[in-house]
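Here's the structure, in structure tokens; my notes come after.
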Amino acid sequence: MSNAKLYLFPVPLSPDTTQKVLPGFNTEILREIKYFIVENIRSARRFLKQCDKSIDIDTITFFTLNEQTKPAEMPEMIVPLEQGHSMGVISEAGCPAIADPGADVVAIAQKKGIEVVPLVGPSSILMSLMGSGFNGQSFAFNGYLPIDKAARAAKMKELERRIIHERQTQIFIETPYRNNKLIAELAASLKPNMLLCVASDITGEKQSIITRKLSWWSKAKYNYDKIPTIFLLFSE
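Using my numbering, count along the sequence shown one by one with no gaps and you end on 237.
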């Protein structure tokens with residue numbers, strides 16, 4: 002087995018925060034890697050230049066891994082690893098393989114006995130949980146809630162039951178342009194004493210992490226339209 006490793010590089014959540022949220026150690030490793038598995042080549046190239054302008058992008062090989070990638074295409078992406086070359090995984094934002102297609106290629110590397118090295122960086126899921134005041138011992142990330150109205154209502158009630166009976170923090174996200182609508186739906190559908198934390202623009206200049214009862218949110222004035230936001234539910 003070669004010493005080649007699969008490095009997982011976190012990406013800033015907000016523009017112009019690379020130097021603030023990523024340790025220099027990440028960049029040291031980044032400079033040495035010539036093969037990357039990325040969600041979007043254009044944004045990955047931009048990220049590399051933000052880390053170190055001296056990196057020669059034209060000498061780097063990129064493999065695209067996104068929701069359209071077929072499972073049969075993934076094993077070919079790690080051929081450089083099997084040939085002895087370390088590789089990196091770069092997602093669009095946050096930590097690779099967390100609510101991210103990078104998890105699939107990590108699974109392949111693990112099955113083949115290739116060392117996987119996750120690096121330090123921002124995770125909106127964990128950072129929002131840290132700032133919420135909710136249960137950090139037991140929590141679940143649910144991704145996007147269903148779009149279908151009936152399924153969406155049923156899912157909200159399911160989350161409420163799990164909070165009440167299991168004391169488990171429930172975390173989820175929404176398409177940014179529907180953030181305001183989601184808050185209104187939660188306030189109208191769930192118990193008014195349920196706690197909602199809205200964590201917006203994590204690590205950015207307009208970062209906001211607010212935890213209040215749904216009865217408060219039902220009357221509050223807010224605008225999270227088109228701002229990356231995480232939602233967390235819990236109860237007192």
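Using N, Cα and C, we set each Cβ at its ideal position, and we do this for glycine too.
Limits of the beta strand (DSSP E) - the one that F140 falls within: Taken as a continuous stretch (DSSP letters only), the beta strand (DSSP E) holding F140 covers F140 to Y145.
Counterpart residues of T65 in DSSP-defined beta bridges: V39
How long is the line joining the alpha carbons of M2 and D105, rounded to whole angstroms? Legend: pLDDT at M2 = 47, less than 50; position of this residue unreliable, no value from coordinates given.
With 16 other Cβ atoms within 10 Å as the buried cut-off, status of S15: buried
Determine, using beta-carbon pairs with one atom in the stretch 85 to 102 and one in the stretch 22 to 35, whether at least three such pairs fall under 8 angstroms. yes
Whole angstroms is fine: what's the gap from R213's alpha carbon to N136's? Approximately 15 angstroms, taken between the alpha carbons.
Does the distance from the C-beta atom of V121 to that of K6 stay below 8 angstroms? no
Is K192 near E237, with beta carbons less than 8 angstroms apart? No. Outside cutoff.
Assigned secondary structure, C198 (DSSP; H/G/I helix, E/B strand, else coil): strand
Within 10 angstroms of its Cβ, does P102 collect 16 or more other Cβ (buried), or is it exposed? buried
Helix or strand or just coil, what does DSSP make of K112? Note: K112 maps to helix in three-state DSSP.
Helix, strand or coil at Q171 according to DSSP, with G and I counted as helix: strand
Comparing C-alpha positions only, which one of L197, A94, I99 and A45 sits nearest to L170? Just to set this straight, residue 170 is Thr in the shown sequence, not Leu. Per the C-alpha coordinates, the member of L197, A94, I99 and A45 positioned closest to T170 is L197.
With S209 as the anchor, note down where its beta strand (DSSP E) starts and where it stops. S209 to K214
For the beta strand (DSSP E) holding T19, just list the boundary residues, first then last. Careful: T19 lies outside any beta strand (DSSP E), inside the alpha helix (DSSP H) at T19 to V22.
Which word fits E77, buried or exposed, when buried means at least 16 other C-beta atoms lie within 10 angstroms of its C-beta? exposed
Contact check, Y178 vs S201, beta carbons under 8 angstroms: In this structure, S201 does not lie closer than 8 angstroms to Y178 by Cβ.
Taking C-alpha atoms, which residue in F63, I210, R46 and S219 lies nearest to V199? Per the Cα distances, I210.
Mapping DSSP to helix, strand and coil, what is F235? strand
Assuming K6 is part of the beta strand (DSSP E), what are its boundary residues? Per DSSP, the unbroken beta strand (DSSP E) holding K6 starts and ends at K6 to F10.
CA nearest to the CA of K227, picked from F235, I148, E116 and L183: L183
Could you spell out where the alpha helix (DSSP H) holding I184 opens and where it closes? N180 to S190
With burial defined as no fewer than 16 other Cβ atoms inside 10 Å of the residue's Cβ, what is the status of A151: buried or exposed? Burial check for A151: the Cβ neighbour count within 10 Å stays below 16, so the residue is exposed.
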